[in-house]
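Trainee: Heads up: the sequence lines are chains Y and P, in that order. Read left to right, the first sequence gives residues 6 to 217 (the numbering used here). Read left to right, the second sequence gives residues 6 to 217 (the numbering used here). Here a beta-carbon is modelled for each residue, glycine too, at the ideal position from N, C-alpha and C.
2 protein chains.
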Amino acid sequence: MPIVKKTYKDQVVDYVYQLLLTNELGPGDQLKESLLAEQMGISRAPIREAMKELIMNGLVDYRPQVGNFIPVLSPKQIVDSYTTRGVLEGYAVMETCDQFSAEEVDKLENLTEQMENYAHKKNHKMVIEAGGEFHDLLISKNNNVQLLEYTDRLSLKLHILFFKYLGKLYGPSEVGRRHREIVESVKSKDLGLIEKVIRQHYVETGSKIAIL
Amino acid sequence: MPIVKKTYKDQVVDYVYQLLLTNELGPGDQLKESLLAEQMGISRAPIREAMKELIMNGLVDYRPQVGNFIPVLSPKQIVDSYTTRGVLEGYAVMETCDQFSAEEVDKLENLTEQMENYAHKKNHKMVIEAGGEFHDLLISKNNNVQLLEYTDRLSLKLHILFFKYLGKLYGPSEVGRRHREIVESVKSKDLGLIEKVIRQHYVETGSKIAIL
DNA sequence: CAGATGTCTAATGTCGACATTAGACATCAA
DNA sequence: TTGATGTCTAATGTCGACATTAGACATCTG
Chain Y
6 MPIVKKTYKD QVVDYVYQLL LTNELGPGDQ LKESLLAEQM GISRAPIREA
56 MKELIMNGLV DYRPQVGNFI PVLSPKQIVD SYTTRGVLEG YAVMETCDQF
106 SAEEVDKLEN LTEQMENYAH KKNHKMVIEA GGEFHDLLIS KNNNVQLLEY
156 TDRLSLKLHI LFFKYLGKLY GPSEVGRRHR EIVESVKSKD LGLIEKVIRQ
206 HYVETGSKIA IL
Chain P
6 MPIVKKTYKD QVVDYVYQLL LTNELGPGDQ LKESLLAEQM GISRAPIREA
56 MKELIMNGLV DYRPQVGNFI PVLSPKQIVD SYTTRGVLEG YAVMETCDQF
106 SAEEVDKLEN LTEQMENYAH KKNHKMVIEA GGEFHDLLIS KNNNVQLLEY
156 TDRLSLKLHI LFFKYLGKLY GPSEVGRRHR EIVESVKSKD LGLIEKVIRQ
206 HYVETGSKIA IL
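1) For the stretch 46 to 60 of chain P, list every residue whose C-beta sits within 7 Å of some C-beta in chain Y, in sequence order.
2) At least one CB of chain Y closer than 8 Å to the CB of residue 151(P): is that the case?
3) So what's residue 223(P) in DSSP terms, helix, strand or just coil?
4) Just the Cα atoms here: how many angstroms apart are residue 192(P) and residue 99(P)?
5) Which residues does DSSP pair with residue 67(Y) in a beta bridge?
6) In whole angstroms, what separates the C-alpha of residue 172(P) from that of residue 131(P)?
7) Just the Cα atoms here: how many angstroms apart are residue 51(P) and residue 17(P)?
8) For residue 121(Y), which residues in the same chain have their Cβ closer than 7 Å to its Cβ, ignoring the five residues on either side in sequence?
9) So if I threshold CB-CB distances at 9 Å, which residues from the stretch 60 to 72 of chain P count as touching chain Y?
10) Here's the rule: buried if 16 or more other CB atoms are within 10 angstroms of the residue's CB, otherwise exposed. What is residue 7(P)?
11) Between residue 101(P) and residue 207(P), which are expected to be in contact by the criterion C-beta below 8 Å, what is the C-beta distance as a whole number of angstroms?
12) Please state if the CB of residue 185(P) and the CB of residue 91(P) are separated by a distance shorter than 8 Å.
13) Tell me whether residue 36(P) sits in a helix, a strand or coil according to DSSP, three-state version.
14) Decide if residue 104(P) is buried, meaning its Cβ has at least 16 other Cβ atoms within 10 Å, or exposed.
15) Please report the straight-line C-alpha distance between residue 58(P) and residue 57(Y), rounded to a whole angstrom.
16) Within 8 Å (strictly less), CB to CB, does residue 197(P) reach chain Y?
17) Smallest Cα separation from residue 70(Y): which of 117(P), 11(P), 211(P)?
18) Would residue 19(P) count as contacting chain Y if we go by Cβ distances under 8 Å?
19) Would you tell me roughly how many angstroms separate the C-alpha atoms of residue 200(Y) and residue 74(Y), rounded to the nearest one?
20) Give me the subset of the stretch 86 to 116 of chain P whose CB atoms are less than 8 Å from a CB atom of chain Y, sorted by chain position.
21) How would you call residue 190(Y), buried or exposed, if buried means at least 16 neighbouring beta carbons within 10 angstroms?
22) Quick check on residue 175(P) - is its C-beta less than 8 Å from some C-beta in chain Y?
23) Between the Cα of residue 15(P) and the Cα atoms of 40(P), 213(P), 47(P), 27(P), which residue gives the shortest distance?
24) Just to check my reading of the structure: residue 64(Y) and residue 166(Y) have Cβ atoms closer than 8 Å, yes? What is that Cβ distance to the nearest angstrom?
25) Are there three or more Cβ pairs, one per stretch, closer than 8 Å when the stretch 30 to 45 of chain Y is compared with the stretch 136 to 150 of chain Y?
26) If you draw a straight line from the alpha carbon of residue 156(P) to that of residue 94(P), how long is it in whole angstroms?
27) Considering just the uninterrupted stretch of the alpha helix (DSSP H) at residue 91(P), what are its terminal residues?
28) Does the beta carbon of residue 12(P) sit closer than 8 Å to a beta carbon anywhere in chain Y?
29) Out of curiosity, what's the CA-to-CA distance linking residue 37(Y) and residue 67(Y)?
30) Got a sec: does the ligand SAH put a non-hydrogen atom nearer than 7 Å to the Cβ of residue 55(P)?
31) Count the other CB atoms, across all protein chains shown, that sit within 10 Å of the CB of residue 135(P); report buried if there are 16 or more and exposed otherwise.
32) Cα separation between residue 222(P) and residue 118(Y)?
33) In the structure shown, what three-state DSSP assignment does residue 169(P) receive?
34) Quick one: list the residues of chain Y neighbouring residue 82(P), beta-carbon separation under 8 Å, in chain order.
35) According to a CB-to-CB cut-off of less than 7 Å, which residues of the stretch 154 to 172 of chain P neighbour chain Y?
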């Protein structure tokens, strides 16, 4: 087991993730350096380092001379973020659709079934986990570092900010139909169709979250 | 005249941009905090702040406990970066292609001619400037904040890192043909064509730079 | 000789204190 | 009333010093 020795900065980042995931922090809240430093028993320096990373990943809005805030995203901004995610993933998958083995396609279909089953049991957390694995596998063939950097950042941001809604968006039949549609498009190797289906998937996910 | 009072951090960022644009800094060089602090007569704190911003924009690679370095991009990474830029811009323009007025299309054609003329005179700097205006106008109709954030970052990164090559890539006839092709695709309102042409434009630009 | 280990150094990581400033509030004049 | 101005405070911006560590080099060991 790899003992990873984390720097204070990384601990702060994780701490803020936890605060967000447990709803102890919500949109509009300010992250005061002194307060965080006091809570964690460290100085402000590593807090500031952590803020920069959170800003980079879109999980914190920075206002010069004022402070760092959890972003308040408008419905349009939510849809925009998901749309952008879809554009990037759509391209990534389209470009590599002929690299998927039969086993990998099976795996995708398997994960789709898992999502359906978990959705039936209302096990939202596992729905999200299987969904994450599904999209990770989909995009895994692409090795465009720049593109992956952006999709990763965006995934993290959307995951952390909207985790609480993600599992409940779709019923079992819909989550199944949606992901089967993606798998079918990949199997078809119809480049235009792949991009269209994946983009649509994200736009609709974003739209659903935006109206909550 | 607006006197903008810049924070030290911003001055550091600008300073590093200058070092990069004037080739005083090149791929692989390390940005030592103490040295920069000494050169600018300030402490390391604002230097560190500036590093975070440069990292965010992809202009600096960060290695924990080691330091900050000007990135060394492989040919593939260069092409990847330009490709990603093309994917984002292609989508942005495609989505808004029916919002361009006749005057704006004229402006695009006008800028294309300017690029040709400047290229004839080997005025590389002005070719780049007109090119920047061309792409800014193209993308200006889109208001997807998330997408614009990424395209802006990527534009800045590619501009700063490859400024020295940009103007010399294409001869006058080629730069004209390429950009006219983009304008024509926008006028056609053929969504698939627009994305294809814009992506292709960036992929080829990246490929040319990659082999230098 | 090759690999493991020890040591050193220069760089980043962290600290606590002070400087500066955005925003809130009170005050005043038209 | 209302807009301009003064003042205050709590937050970020910056500082210089110390702690820690990655990487280079020397040393030991088989």
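Mentor: Reading from the atomic positions:
1) 57
2) yes
3) Only positions 6 to 217 of chain P appear in the structure, and residue 223(P) is not among them; the question remains open.
4) 11 Å
5) 73(Y)
6) 8 Å
7) 8 Å
8) 177, 180, 181
9) 60, 61, 63, 69, 70
10) Any reading at residue 7(P) must be qualified, since the residue scores a pLDDT of 39, below 50, and its modelled position is unreliable; the value itself is stated next. Looking at its Cβ environment, which holds fewer than 16 other Cβ atoms inside 10 Å, residue 7(P) is exposed.
11) With a Cβ gap of about 18 Å, residue 101(P) and residue 207(P) do not count as contacting.
12) no
13) strand
14) exposed
15) 8 Å
16) yes
17) 11(P)
18) no
19) 34 Å
20) 86, 88, 89, 92, 93, 96
21) buried
22) no
23) 47(P)
24) 7 Å
25) no
26) 7 Å
27) 80 to 101
28) yes
29) 12 Å
30) The ligand SAH is not part of the structure shown, which contains no ligands of any sort.
31) buried
32) Shown here, chain P extends from 6 to 217; a query on residue 222(P) therefore has no answer.
33) helix
34) 150, 151
35) 155
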